[in-house]
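Below is one structure, written out as structure tokens; comments come after it.
Here you go:
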């Protein structure tokens with residue numbers, strides 16, 4: 025009889041234990057899968073944080089309702105306790121499993137900064153300074169050039185314009201390095217596929233021309249024709265006579281307009297005065313501008329003028345060009 029009571033007692037204890045374990049597991053599952061985030065937000069996990077400190081921070085922020093289940097969670101799911109510091113985006117509707125998986129795998133929030141085609145290095149510096157989540161650029165232009173072993177004196181044109189993503193506290197230098205390497209890869213590929221008999225001796229000369237085409241072209245379909253104008257002029261020994269080079273050469277003196285006197289001012293970049301290409305690019309060209317530079321249209325055009333609607337009118341001789349200027353610029 026005693027053995028029977030013992031057996032019954034043990035059975036009851038087993039049932040209670042199993043029931044408790046099942047209940048705890050159900051509660052932990054609910055704890056993990058209940059949506060916690062009602063509004064998308066950024067959450068920072070500081071270096072040196074551990075699972076216990078993270079739980080306290082979640083509790084203090086009102087993300088989790090209590091810490092009791094959090095402690096049990098560590099025992100039941102130790103694989104979720106690995107914490108990687110960083111800035112994370114907690115999306116609306118996320119549950120604790122979503123959040124811990126994010127932090128466990130170190131999938132940090134990606135900030136982004138966009139550099140438009142035709143922007144200058146000066147523009148890039150302004151954009152980078154506005155990114156409060158980036159560590160400031162500590163190097164000067166000369167120091168960056170030295171660090172990257174760049175065989176040129178300026179970074180103008182050497183950085184590829186697009187949107188770059190970064191983690192919080194990344195150095196601005198890393199973005200510049202990435203942009204430089206990206207531009208180098210694109211330039212090398214396009215240079216290898218270039219048309220024959222172009223008047224450019226090096227990829228850098230092509231980059232200079234691409235920057236001019238980038239600033240001159242408002243319409244993508246005009247780029248290869250604009251490219252042909254400059255190729256034809258270079259072959260004939262004519263000056264390029266392109267306004268964007270005048271503007272770039274003026275630097276901070278440019279106030280939104282150029283006059284005849286500016287066309288006569290001798291700067292290293294004024295292609296109304298100098299022959300051939302300016303010494304460096306005048307902007308960061310796009311891949312499309314680089315392609316147009318290395319694959320110009322086959323034309324006899326020597327001039328072009330903006331028609332005021334985003335397109336350009338192309339001419340084969342000065343007389344035709346003068347008529348186009350009178351019509352589209354002077355309105356006569």
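Residue numbers (our numbering): 25 to 356.
The C-beta atom is built at its ideal place from N, Cα and C for all residues, glycine as well.
Is residue i helix, strand or coil when you go by DSSP?
i	result
residue 275	helix
residue 349	helix
residue 118	coil
residue 410	In the structure as shown, the chain begins at 25 and stops at 356. Residue 410 is therefore absent and cannot be evaluated.
residue 317	helix
residue 268	helix
residue 73	coil
residue 79	helix
residue 59	strand
residue 310	coil
residue 292	coil
residue 92	helix
residue 159	strand
residue 206	helix
residue 111	strand
residue 287	helix
residue 53	helix
residue 342	helix
What's the gap between the Cα of residue i and the Cα of residue j?
i	j	result
residue 230	residue 305	9 Å
residue 154	residue 196	11 Å
residue 131	residue 112	7 Å
residue 163	residue 69	28 Å
residue 254	residue 67	53 Å
residue 272	residue 103	57 Å
residue 340	residue 258	15 Å
residue 348	residue 312	27 Å
residue 188	residue 194	12 Å
residue 207	residue 200	11 Å
residue 346	residue 327	10 Å
residue 172	residue 180	14 Å
residue 355	residue 310	33 Å
Which same chain residues end up closer than 6 Å to residue i when comparing Cβ atoms and leaving out the 5 residues on each side of it in sequence?
i	result
residue 331	337 and 352
residue 307	142, 144, 235, 238 and 239
residue 297	290
residue 61	114, 116 and 118
residue 335	243
By Cβ distance below 8 Å, which residues in the same chain neighbour residue i in space, the five residues on each side in sequence not counted?
i	result
residue 217	318
Inside the region 115–157 only - alpha helix (DSSP H) runs reaching at least 4 residues
120–129 and 145–154
Unbroken beta strand (DSSP E) runs of length 3 or more, entirely within the region 218–264: which are they?
none
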